[in-house]
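Scroll down for the structure; my scribbles are underneath it.
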Amino acid sequence: WCLPLKSVYVTFPGDVIKKMTDIQLADEYLKRYGYIDVLQKSGMQSVISTSKALKKLQKHLGLQETGTLDKRTIDAMKQPRCGVPDIRN
Amino acid sequence: YQTFAGDLKWNHKDVTYRILNYSPDMEASLIDDAFARAFKVWNDVTPLTFTRLYEGTADIMISFGKADHGDGYPFDGTDGLLAHAYPPGEGIQGDAHFDDDEYWTLGTGPAIQTRYGNADGAMCHFPFLFEGISYKTCTTEGRTDGLPWCATTADYDKDNKFGFCPSELLFTFGGNSNEAPCVFPFVFQGVKYDSCTTDGRTDGYRWCATTANFDTDSQYGFCPNRDTAVIGGNSDGEPCQFPFIFLGKTYTSCTSDGRGDGKLWCGTTSNYDTDKKWGFCPDRGYSLFLVAAHEFGHVLGLDHSNIKDALMYPMYKYVEDFSLHSDDIKGIQYLYGPKTGPDPTPPQPKTTNSSPIMPTRPTPSETTAFVSTTTHVVDPSQDACEIKEFDAITEIQKELHFFKDGHYWKLSSTGKHKGPFLVSEKWPALPAVINTAFEDQLTKKIYFFAEKQFWVYTGNEVLGPRRIEKLGLPSNLERVVGAIQRGKGKVLLFNGENFWRLDVKAQLIDRGYPQFTGSAFGGVPIDSHDVFMYKGFFYFCRESFFWRMNSRKQVDQVAYVKYNLLKC
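Chains as they are written, first to last, in my numbering: chain C, 47 to 135; chain Z, 38 to 605.
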């Protein structure tokens with residue numbers, strides 16, 4: 047009985063939206079709450095803007111400003127929140 | 038704190054709001070209360086006032102919706118985005134929208150207000166004991182009609198206090214059926230339905246017909262969610278079905294099996310493997326009060342704060358004893374200034390004895406007379422306009438008196454109300470909650486009724502308490518809820534569908550009673566909780582409304598106690 051349990055994970059119908067990767071989640075989050083839009087309008091490359099956007103987000107949420115998609119940032123993005131964008135033009 | 042670009046704000050201080058629809062997760066009264074408390078958060082620290090409108094365009098239009106709800110900013114299903122709001126302005130500006138794919142509660146699990154039963158609409162108490170078994174949800178055990186119920190104390194076996202839980206068999210909301218329950222089966226577009234459905238709608242709300250045939254009658258209402266209803270998935274609002282089969286195994290409770298995120302879920306049919314119908318099990322839910330207070334910050338002109346403990350921080354966090362963070366106060370007062378007038382903190386009640394003799398309550402068998410010597414300071418923030426349902430309303434010495442929980446207010450002939458005053462100061466023998474009162478027009482004695490007892494005041498002298506059976510009322514009568522003076526020496530006493538005529542001089546009920554309220558007073562609610570006479574009209578109150586009947590027994594006005602009597 048001490049054998050590890052073999053977990054079976056199922057893709058539940060109607061739940062697929064939550065099955066996105068962390069990168070997909072971050073991309074959508076940064077756009078939805080205004081972090082990417084602002085920077086793209088300033089003409090920066092997207093690869094740079096993602097890092098800058100993440101830094102801006104991390105500053106806004108009181109996280110360490112690493113500019114990378116670390117666990118704390120991803121966890122913060124998964125928290126329930128208000129839908130009003132943090133940054134608007 | 039931050040404000041929106043250009044410091045958008047309301048240019049008037051009397052801000053109006055309107056609640057356009059309700060969530061099936063909570064009773065409408067709880068939702069009304071959550072929003073009112075959320076506005077009070079901001080009212081306490083600014084000169085702004087918030088008035089609720091029931092029709093027309095208000096500054097702040099509040100609504101619940103799912104996914105695409107009409108403003109181009111769709112919600113995202115369960116969790117994630119909870120609500121959004123627009124900064125002050127015309128049109129959609131100033132409005133607040135709440136995602137109805139969330140589970141709205143008071144933040145600590147199902148908030149179930151009961152109806153009917155014997156608990157006067159108290160909240161369910163979970164867990165509760167019934168025949169030695171502990172229940173954490175409403176149950177249909179012990180009933181043959183399938184109505185879910187709960188105890189409102191921890192032990193039903195001991196206290197026998199219960200009420201019915203929201204279900205489509207008890208009532209609907211919205212629609213056009215005045216809260217009538219669902220009728221099953223019902224026919225919609227030629228198809229028979231045995232349960233609530235989302236068919237025919239694009240907004241995902243569950244509805245039912247309130248007659249057997251929607252196609253012919255077009256009568257419908259929305260189904261309130263049972264406390265066992267699932268959240269999200271592909272069966273939002275449907276109850277869990279136990280047992281259910283998942284990957285060949287039988288489950289009798291919610292499970293996290295099959296999920297990597299640890300969330301509890303259940304099947305909403307008996308076999309997930311074949312039907313694939315499921316949803317998340319109810320959890321603590323999101324506090325509508327906290328989220329609304331945050332959104333109302335936006336509609337007043339505050340943007341997100343980056344201080345984690347501030348209300349305007351964008352992430353949701355449940356706090357039990359909420360108080361506004363100084364950052365939020367600074368922000369809102371930057372826009373509107375501080376509250377004018379006295380400190381918003383209510384004075385602490387205190388008692389000053391002008392006599393060394395402490396007042397005592399008479400014992401139940403006592404017949405006594407005394408004059409109060411105690412000076413109480415009442416909380417002026419107790420506002421009659423905030424009270425939805427008064428314990429009793431009656432005319433005493435030409436002034437209409439409104440009683441609630443040990444306080445009363447007086448409405449003078451000029452139409453302005455004064456108070457609150459303490460019942461214990463004026464009528465010290467009375468309990469805090471009285472059910473009805475009337476002044477005998479001949480003797481000017483004032484009769485008070487509370488549950489199965491009554492008192493008679495002549496000036497400062499009191500007689501009672503005496504049991505209402507002494508008047509010839511039935512011993513199983515729970516209370517008298519209303520009184521109407523009929524000619525000299527006769528008073529009609531009401532309880533639900535029955536009324537009795539009291540001969541005040543003889544102190545006895547006349548023969549030939551009870552009679553049916555519905556027969557003698559057609560067109561008024563027979564479940565009125567206050568019945569009284571004022572300026573020659575009979576008033577029957579139900580919740581926040583009154584039905585006024587003239588001397589020819591015609592209902593000539595249905596209106597609000599708050600606005601039309603108290604002039605709030």
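Note that the Cβ used here is the ideal one computed from N, Cα and C, for glycine as well. These figures come from a predicted structure and were not determined experimentally.
Item to check | Contained beta strand (DSSP E) runs [length at least 3] in the region 140 to 225 of chain Z, N- to C-terminal order | outcome: 165 to 167, 170 to 172, 186 to 188, 199 to 201, 223 to 225
Checklist entry - What does residue 55 of chain C reach in chain Z if we use C-beta pairs closer than 8 Å? => result Numbered from 1 along the first sequence, position 9 holds the residue referred to as residue 55 of chain C. Near residue 55 of chain C (Cβ distances below 8 Å), the residues of chain Z are 295, 296, 297.
Checklist entry - Looking at C-alpha atoms only, which residue of Z:600, Z:494, Z:114, Z:139 is the closest neighbour of residue 452 of chain Z? => result Along the second sequence, one-based indexing puts residue 452 of chain Z at 415. For the residues Z:600, Z:494, Z:114, Z:139, the minimum Cα distance to residue 452 of chain Z belongs to Z:600.
Checklist entry - Which residue or residues does DSSP assign as beta-bridge partners of residue 127 of chain C? => result Position 81 of the first sequence, counted from the first residue, corresponds to residue 127 of chain C. In the DSSP output, where bridge partners are listed per residue, residue 127 of chain C has Z:118, Z:352.
Next on the checklist: Strictly below 7 Å CB to CB, what residues from chain C border residue 271 of chain Z?
Outcome noted: By 1-based counting over the second sequence, the position of residue 271 of chain Z is 234. In chain order: 59, 60.
Item to check | Between the CA atoms of residue 348 of chain Z and residue 331 of chain Z - distance to the nearest angstrom | outcome: Position 294 of the second sequence holds residue 331 of chain Z. Position 311 of the second sequence holds residue 348 of chain Z. The straight-line gap from Cα to Cα measures roughly 6 Å.
Item to check | Residue nearest to residue 368 of chain Z in terms of C-alpha spacing, selected from Z:548, Z:339, Z:195, Z:357 | outcome: As a working note, residue 368 of chain Z is residue 331 in the second sequence. The residue with the shortest Cα to Cα distance from residue 368 of chain Z is Z:339.
Checklist entry - Around the C-beta of residue 49 of chain Z, are 16 or more other C-beta atoms found within 10 angstroms, so that it is buried, or is it exposed? => result Within the second sequence, the letter at position 12 stands for residue 49 of chain Z. Residue 49 of chain Z comes out exposed.
Next on the checklist: Against residue 117 of chain Z, what residues of chain C qualify as contacts under a CB-to-CB distance less than 7 Å, listed in chain order?
Outcome noted: Locating residue 117 of chain Z in the second sequence gives position 80, counting from the first residue. By Cβ distance, chain C contributes 126.
Checklist entry - Any idea if residue 496 of chain Z is buried or exposed, counting beta-carbon neighbours within 10 angstroms, 16 or more meaning buried? => result Taking the first residue of the second sequence as position 1, residue 496 of chain Z is located at position 459. Result: exposed.
Item to check | Cα-Cα separation, residue 580 of chain Z to residue 65 of chain Z | outcome: Taking the first residue of the second sequence as 1, we reach residue 580 of chain Z at position 543. Taking the first residue of the second sequence as 1, we reach residue 65 of chain Z at position 28. Their backbone Cα atoms lie some 12 Å apart in a straight line.
Next on the checklist: Among the candidates Z:518, Z:424, Z:505, whose CA atom is the shortest distance from the CA of residue 69 of chain Z?
Outcome noted: As a position in the second sequence, residue 69 of chain Z is number 32, starting the count at 1. A check of alpha carbon separations from residue 69 of chain Z across Z:518, Z:424, Z:505 identifies Z:424 as the nearest.
Next on the checklist: Bridge partners for residue 579 of chain Z per DSSP, in chain order?
Outcome noted: Numbered from 1 along the second sequence, position 542 holds the residue referred to as residue 579 of chain Z. Residue 579 of chain Z is bridged to Z:582.
Checklist entry - Does the region 85 to 103 of chain Z come close enough to the region 126 to 143 of chain Z to have 3 or more Cβ pairs within less than 8 Å? => result yes
Checklist entry - Mind pulling the chain C residues with CB within less than 9 Å of residue 315 of chain Z? => result For the purposes of this step, residue 315 of chain Z is taken as the residue at position 278 of the second sequence. Neighbours of residue 315 of chain Z on chain C, chain order: 58, 59, 60, 61.
Checklist entry - Does any residue of chain C bring its CB to less than 7 Å from the CB of residue 345 of chain Z? => result As a first step, residue 345 of chain Z is located in the second sequence; it is residue number 308 there, counting from the start. Cβ-Cβ to chain C under 7 Å: yes for residue 345 of chain Z.
Next on the checklist: By alpha-carbon positions, which one of Z:201, Z:168, Z:124 ends up nearest to residue 156 of chain Z?
Outcome noted: On the second sequence, residue 156 of chain Z is found 119 positions in, with the first residue counted as 1. Considering only alpha carbons, the answer is Z:201.
Checklist entry - DSSP state of residue 89 of chain Z, grouped into three classes? => result As a working mapping, residue 89 of chain Z is identified with position 52 in the second sequence. Strand.
Item to check | DSSP state of residue 74 of chain C mapped onto helix, strand, coil | outcome: Translated into the one-based positions of the first sequence, residue 74 of chain C becomes position 28. Helix at residue 74 of chain C.
Next on the checklist: Let me check one thing: in DSSP terms, what residues is residue 528 of chain Z bridge-paired to?
Outcome noted: Within the second sequence, the letter at position 491 stands for residue 528 of chain Z. Per DSSP, Z:522, Z:539.
Checklist entry - For residue 173 of chain Z, which option in Z:183, Z:290, Z:524 has the closest C-alpha, if you only look at C-alpha atoms? => result Position 136 of the second sequence, counting from 1, holds the residue named residue 173 of chain Z. For the residues Z:183, Z:290, Z:524, the minimum Cα distance to residue 173 of chain Z belongs to Z:290.
Checklist entry - When DSSP labels each residue in this structure, what does residue 38 of chain Z get in the three-state scheme? => result In the second sequence, the residue the question calls residue 38 of chain Z occupies position 1. Looking at residue 38 of chain Z - three-state DSSP - the assignment turns out to be coil, as it is neither helix nor strand.
Checklist entry - beta strand (DSSP E) containing residue 436 of chain Z: first to last residue? => result Numbered from its first residue, the second sequence carries residue 436 of chain Z at position 399. 436 to 441 is the extent of the beta strand (DSSP E) around residue 436 of chain Z.
Item to check | residue 319 of chain Z, buried or exposed, once every other Cβ within 10 Å from all chains shown has been counted against 16 | outcome: In the second sequence, counting from the first residue as 1, residue 319 of chain Z sits at position 282. Buried: at least 16 other Cβ atoms inside 10 Å.
Next on the checklist: Which residues in chain Z have a C-beta closer than 8 Å to the C-beta of residue 121 of chain C? List them in chain order.
Outcome noted: For the purposes of this step, residue 121 of chain C is taken as the residue at position 75 of the first sequence. Those do not exist, as residue 121 of chain C stays about 11 Å from chain Z at its closest Cβ, beyond 8 Å.
Checklist entry - Relative to chain Z, which residues along the region 106 to 117 of chain C have a C-beta separation below 9 Å, given in chain order? => result 106, 107, 108
Checklist entry - According to the Cβ coordinates, are residue 59 of chain C and residue 229 of chain Z closer than 7 Å? => result Taking the first sequence and counting its residues from 1, the one referred to as residue 59 of chain C is at position 13. Taking the second sequence and counting its residues from 1, the one referred to as residue 229 of chain Z is at position 192. Against a cut-off of 7 Å, the Cβ pair of residue 229 of chain Z and residue 59 of chain C comes out as no contact.
Next on the checklist: By DSSP's criteria, residue 455 of chain Z is part of a beta bridge. Which residues make up the other side?
Outcome noted: Start at 1 with the first residue of the second sequence, and residue 455 of chain Z comes out as number 418. For residue 455 of chain Z, which the question treats as bridged, DSSP gives the partners Z:447.
Next on the checklist: Count Cβ pairs between the region 69 to 89 of chain Z and the region 291 to 301 of chain Z that sit closer than 8 Å; are there 3 or more?
Outcome noted: By the C-beta criterion, the region 69 to 89 of chain Z is judged not to be in contact with the region 291 to 301 of chain Z, since fewer than 3 inter-stretch pairs fall below 8 Å.
Checklist entry - I think residue 125 of chain Z touches residue 45 of chain Z, with their Cβ atoms under 8 Å apart; what is that distance to the nearest whole Å? => result For the purposes of this step, residue 125 of chain Z is taken as residue 88 along the second sequence, with counting starting at 1. For the purposes of this step, residue 45 of chain Z is taken as residue 8 along the second sequence, with counting starting at 1. Yes, they are in contact, since the Cβ atoms of residue 125 of chain Z and residue 45 of chain Z sit about 5 Å apart, within 8 Å.
Next on the checklist: By the three-class DSSP mapping on this structure, what secondary structure does residue 515 of chain Z have?
Outcome noted: Position 478 of the second sequence, counted from the start, is the residue given in the question as residue 515 of chain Z. It is coil, neither helix nor strand.
Checklist entry - If we count the other Cβ atoms within 10 Å of its Cβ and call it buried at 16 or more, is residue 55 of chain C buried or exposed? => result Within the first sequence, the letter at position 9 stands for residue 55 of chain C. Residue 55 of chain C is exposed by the Cβ-count criterion.
Next on the checklist: With a threshold of 7 Å between beta carbons, is residue 351 of chain Z in contact with chain C?
Outcome noted: Taking the second sequence and counting its residues from 1, the one referred to as residue 351 of chain Z is at position 314. So yes, residue 351 of chain Z belongs to the interface.
Checklist entry - What first and last residue would you give for the beta strand (DSSP E) that runs through residue 55 of chain Z? => result Translated into the one-based positions of the second sequence, residue 55 of chain Z becomes position 18. For residue 55 of chain Z, the enclosing beta strand (DSSP E) covers residues 51 to 56.
Item to check | Separation of residue 76 of chain Z from residue 376 of chain Z, as counted between CA atoms | outcome: As a working mapping, residue 376 of chain Z is identified with position 339 in the second sequence. As a working mapping, residue 76 of chain Z is identified with position 39 in the second sequence. Taking the straight line from one Cα to the other gives about 14 Å.
Checklist entry - Which whole-angstrom value describes the C-beta separation of residue 584 of chain Z and residue 561 of chain Z, a residue pair presumed to lie in contact below a C-beta threshold of 8 Å? => result As a working note, residue 584 of chain Z is residue 547 in the second sequence. As a working note, residue 561 of chain Z is residue 524 in the second sequence. Indeed, because the Cβ distance is near 4 Å, the residues count as touching under 8 Å.
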